[in-house]
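2 protein chains.
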Amino acid sequence: MGIKLGILGLGTVGTGTVQLLQDNVGRHSLLQLVEIHRVGVKSLDKPRDVTLAKSVITTDLESIVNDPEVDIVVELIGGLEPARELILKAIQNGKHVVTANKAVISRFGAEIFTLANRQGVYVMLEAAVGGGIPVIQPLKQSLSVNRIHTVTGIVNGTTNYILTRMQTEGSSFDAVLADAQKLGYAEADPTADVDGWDAADKISILASLAFGGRINREEVSCEGIRQISKTDITYANNLGFVIKLLAIAKKVSPTDCTLSVRVHPTLVPKTHPLANINGVYNAILVEGEPLGQVMFFGPGAGAGATASAVSSDILNLVARLQTGQISAPLDPLLGCSHQDYCQIAPQSELTARFYTRFLTLDQPGVIGKLGTSFGKHGVSLESIVQTGFQDKLAEIVVVTHDVKEGDFKQALEEIRTFEAIDSIPSSLRVL
Amino acid sequence: MGIKLGILGLGTVGTGTVQLLQDNVGRHSLLQLVEIHRVGVKSLDKPRDVTLAKSVITTDLESIVNDPEVDIVVELIGGLEPARELILKAIQNGKHVVTANKAVISRFGAEIFTLANRQGVYVMLEAAVGGGIPVIQPLKQSLSVNRIHTVTGIVNGTTNYILTRMQTEGSSFDAVLADAQKLGYAEADPTADVDGWDAADKISILASLAFGGRINREEVSCEGIRQISKTDITYANNLGFVIKLLAIAKKVSPTDCTLSVRVHPTLVPKTHPLANINGVYNAILVEGEPLGQVMFFGPGAGAGATASAVSSDILNLVARLQTGQISAPLDPLLGCSHQDYCQIAPQSELTARFYTRFLTLDQPGVIGKLGTSFGKHGVSLESIVQTGFQDKLAEIVVVTHDVKEGDFKQALEEIRTFEAIDSIPSSLRVL
Chain A
1 MGIKLGILGL GTVGTGTVQL LQDNVGRHSL LQLVEIHRVG VKSLDKPRDV TLAKSVITTD
61 LESIVNDPEV DIVVELIGGL EPARELILKA IQNGKHVVTA NKAVISRFGA EIFTLANRQG
121 VYVMLEAAVG GGIPVIQPLK QSLSVNRIHT VTGIVNGTTN YILTRMQTEG SSFDAVLADA
181 QKLGYAEADP TADVDGWDAA DKISILASLA FGGRINREEV SCEGIRQISK TDITYANNLG
241 FVIKLLAIAK KVSPTDCTLS VRVHPTLVPK THPLANINGV YNAILVEGEP LGQVMFFGPG
301 AGAGATASAV SSDILNLVAR LQTGQISAPL DPLLGCSHQD YCQIAPQSEL TARFYTRFLT
361 LDQPGVIGKL GTSFGKHGVS LESIVQTGFQ DKLAEIVVVT HDVKEGDFKQ ALEEIRTFEA
421 IDSIPSSLRV L
Chain B
432 MGIKLGILGL GTVGTGTVQL LQDNVGRHSL LQLVEIHRVG VKSLDKPRDV TLAKSVITTD
492 LESIVNDPEV DIVVELIGGL EPARELILKA IQNGKHVVTA NKAVISRFGA EIFTLANRQG
552 VYVMLEAAVG GGIPVIQPLK QSLSVNRIHT VTGIVNGTTN YILTRMQTEG SSFDAVLADA
612 QKLGYAEADP TADVDGWDAA DKISILASLA FGGRINREEV SCEGIRQISK TDITYANNLG
672 FVIKLLAIAK KVSPTDCTLS VRVHPTLVPK THPLANINGV YNAILVEGEP LGQVMFFGPG
732 AGAGATASAV SSDILNLVAR LQTGQISAPL DPLLGCSHQD YCQIAPQSEL TARFYTRFLT
792 LDQPGVIGKL GTSFGKHGVS LESIVQTGFQ DKLAEIVVVT HDVKEGDFKQ ALEEIRTFEA
852 IDSIPSSLRV L
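Residue numbers (our numbering), protein chains in the order written: chain A, 1 to 431; chain B, 432 to 862.
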């Protein structure tokens, strides 16, 4: 008895998945049970890198999620609609779902998993975060015996590629972005990547699994890398740091599920495990008790890596279907059963270290004025250094100790009004 | 209804596991179903870091594996016997088994899994390799949709700690080993670690899971780190390498399960992901098609990390037991069903790069003679450099291209007979 797939979408990931499933010798033998029953596409005429019977391909995606013969719907069209609606219909029809769609899961996860639990079907999402890195399943299973307190990830390959090249070549953001677009590492509209939205989708999902509660995606604070300059990368380097776009989910309260969930460029100490993750690679660091630190590293995108993750979800479902062990109650280590929302702590209450660069008029006493203002707001400084001149302006770099974000922001607002301050080109968090 | 555990052994790992299970708030809620029913120890009088009712503790380990109330036997006594016998009896009695015992699994895995499959029970072993790193379960599940071609690990914390300190401090092997023993990072008898046996046990297990066949542990070639000198570490560093004890399993033939499985100190390029794994940390790099490279990194030993892995296996079994989805047929993604042995390729047929250091009399023409002999045996050289003098002897360091190991060994045997050769202090593989 074959397990029948209905695949939605035959782009890069869809094509990679079909190729993997069609060429199954030397892979897990259970994949031989898989039958590609229907594949939904936008256009029948487009030339394809895979061979499929004409009867398999259709432009009527709804007919796939309504097809009574389909056991598993594999959603690989991406975006919010019609992905959300097709997933919900598939679940309604009692089909298990595999998806690589971080946007739809991070925004409509509550709706999707509520329905899936009611219908007794699984919604699998290994490919939604970290490409080919197996991180979703370990978070659901092995790691959940720990009290996890932090998940920190480099989960967007495009921005990591850009920052790595800025670091190694000393190039500017705009120059590297333009080249990355030419080479296909960045989209024509790079917003979702460079402004951190994609990373925010992914950390919402990781946080939800790590902390066992739902996350309101709207509450995830998000800062991208457009404002990162060559100058900051050089200063960071001299201070012993590299700049990475980190997605962070952290438990704030030990007793309830209050979290800080955010995406921002961060100064990472060169000795930190995440500092050496370069190029399009992704890595996710999970910290908990009693485990300590574990890190998962691998290709965060690409047809092959994502196809591997999608196929591993299919394999998990096939293993359950063929042993008949898939009926309700759902296995809590494979499904997503949490129903409550985690509280997101207000940014201003959190503590962090900050690196900030000021451009000031070359007047005596500026450093003293900065120091006094920070002190007044309870912001304790690790270092304050006048580092050089730029266009007749003095450049001052400040690194704080751990301080309340609200206090720091207030000090910065005050300092911004000083006559001697020309501008504050950058203010970044330090890990 | 509780799930009753019979735990064998209350040493470091046993104590850590009991502590985790007793202090279960904030962990996966399924752990609340676990009941520590019996715990087997050597001595009832030893002071313990955990509190257990007197009726729970016993010195009669056999009574635990024969206790009809026990659902899961957790074997944490280590060593070959009586561990093997107790595991087999537990299986015979229809109990699921969780073990952290790499020695017994790597040597008696065939016997144990054959019986487990016949009895329809699971034998779980996440803690046997990589401490707290979730690597066993990903190899069984997610990664198995790939055609895996190589698994490379730093899987022994003691030797990695010693090599890291030799590297950073410029100290000798003997000095660091003595200090590591004082600090508790190395055993009084360090043989199993420094001679690579522990790593060989672990790579046998990883190879078996990655390549879906049994491994004859006796056929795994194994070389330790005793002969690594400060001098080699310095030369390696100048050439752009660090020296790591690697455990490697590699597919040699694309069509059948012929493997190379081995443990040896290796020159690793500083840019390689494994080069930055320092101290007692472990890492396992898995390479396959279409995935590419993924790496798992974390604490390779210690009470907390190992307890996390042991408890994750318990959690997996509890999830199946409480949903009633644990009856035969076994889930092939949780069990170990392969029955055939992989072939281990003869060392001499394999290709590798070598770094070799010669001490020679200070005679003209020695480099020429070395070059000629290597050439005669078909060994192509990347570099051959006379690097300095040591006790009136000249030091020559050779790095080869990829060559047949048999050819290289033959050339070395010939060179060893040259009058000008004082000694060959080291010959190491290059990754």
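No residue lacks a Cβ here, since even glycine has one placed at the ideal position from N, Cα and C.
For clarity, every value in this text was computed on a predicted model and none was experimentally measured.
Task: Short-range partners of chain A found in the segment 823–850 of chain B, where Cβ spacing is below 7 Å - done: none
Open item on the list: Taking 8 Å as the threshold (C-beta atoms), are A127 of chain A and A247 of chain A in contact?
Closed with: no
Open item on the list: Just verifying my parser: in three-state terms, what is the DSSP assignment at F849 of chain B?
Closed with: coil
Open item on the list: Please identify, using Cβ separations under 9 Å, the residues of the segment 476–504 of chain B that lie next to chain A, in order along the chain.
Closed with: none
TODO: Kindly indicate the opening and closing residues of the alpha helix (DSSP H) around S743 of chain B.
DONE: A734 to Q753
Open item on the list: My output table needs one value for V560 of chain B: the three-state DSSP class, helix, strand or coil.
Closed with: coil
Open item on the list: Using a Cβ-Cβ cutoff of less than 8 Å, which residues in the same chain neighbour I344 of chain A once the five nearest sequence positions on both sides are dropped?
Closed with: I215, N216, E219, V220, T258, L259, S260 and V261
Open item on the list: What does the Cβ neighbour count give for G388 of chain A, buried or exposed, with the cut at 16 atoms within 10 Å?
Closed with: exposed
Task: Closest by C-alpha distance to V625 of chain B, when choosing among B:K840, B:Q794 and B:L594 - done: B:L594
TODO: Figure out for me which residue from B:V861, B:H808, B:G719 and B:T782 has the closest Cα to the Cα of R578 of chain B.
DONE: B:G719
TODO: May I ask you to list, following chain order, the residues of the segment 12–41 of chain A that have a beta carbon less than 7 Å from some beta carbon of chain B?
DONE: G16, L20, G26, R27, H28, L30 and L31
Open item on the list: Per the DSSP calculation, G40 of chain A is bridged to which residue(s)?
Closed with: A:L8 and A:T58
- [ ] Mind checking who H96 of chain A pairs with in its DSSP beta bridge?
- [x] A:I72
- [ ] Using a threshold of 8 Å, state whether the C-beta atoms of L511 of chain B and V535 of chain B are closer than that.
- [x] yes
TODO: Show which residues of chain A have a CB atom less than 7 Å away from the CB atom of V576 of chain B.
DONE: L20, R27, H28, L31, S308, S311, S312 and L315
- [ ] Just grab the DSSP bridge partners of Q386 of chain A for me.
- [x] A:I396
- [ ] Taking all protein chains shown into account, decide if G766 of chain B is buried (16 or more other Cβ within 10 angstroms of its Cβ) or exposed.
- [x] buried
- [ ] Report yes if the C-beta distance between A210 of chain A and A249 of chain A is below 8 Å; otherwise report no.
- [x] yes
Open item on the list: For D60 of chain A and N117 of chain A, what's the separation of their Cα atoms in angstroms?
Closed with: 27 Å
Open item on the list: For T464 of chain A, would you say it is in contact with chain B, using Cβ-to-Cβ distances shorter than 8 Å as the test?
Closed with: As shown, chain A starts at 1 and ends at 431. That puts residue 464 of chain A outside it, with no answer to give.
Open item on the list: Taking 8 Å as the threshold (beta carbon to beta carbon), is G735 of chain B in contact with chain A?
Closed with: yes
Open item on the list: Rounding to the nearest angstrom, what Cα-Cα distance links V73 of chain A and K102 of chain A in this structure?
Closed with: 16 Å
Open item on the list: Between the segment 279–293 of chain A and the segment 413–431 of chain A, can you find at least three pairs of beta-carbon atoms closer than 8 Å?
Closed with: no
Task: For N713 of chain B, the first and last residue of its enclosing alpha helix (DSSP H) - done: Segment Y712 to E720 is the beta strand (DSSP E) holding N713 of chain B; no alpha helix (DSSP H) there.
Open item on the list: Counting only Cβ pairs nearer than 7 Å, list the residues of chain A close to I564 of chain B.
Closed with: V294
Task: Reference V465 of chain B, options B:F539, B:V694, B:V582 and B:D502, closest by Cα - done: B:D502
TODO: Name, please, each residue of chain A whose Cβ falls closer than 7 Å to the Cβ of G671 of chain B.
DONE: Per Cβ cutoff of 7 Å: no residues; G671 of chain B is ~16 Å from chain A at best.
TODO: Starting from the Cα of L483 of chain B, find the closest Cα among B:H468, B:V496 and B:S474 and give me that residue.
DONE: B:H468
Task: Partners in chain B for L370 of chain A, counting only beta-carbon separations shorter than 9 Å - done: What L370 of chain A touches in chain B: nothing, since even the nearest Cβ is about 37 Å away.
Task: Helix, strand or coil at T446 of chain B according to DSSP, with G and I counted as helix - done: helix
Task: Candidates B:I815, B:R515, B:R860 and B:P760, of which the one nearest K835 of chain B by Cα - done: B:R860
- [ ] With DSSP collapsed to three states, give me the class of E111 of chain A.
- [x] helix
Task: With 16 other Cβ atoms within 10 Å as the buried cut-off, status of E826 of chain B - done: buried
- [ ] Decide if H401 of chain A is buried, meaning its Cβ has at least 16 other Cβ atoms within 10 Å, or exposed.
- [x] exposed
Task: Residue-level contact to chain B via CB, A319 of chain A, 8 Å cutoff - done: yes
Open item on the list: Determine whether the beta carbon atoms of V444 of chain B and L507 of chain B lie at a separation below 8 Å.
Closed with: yes
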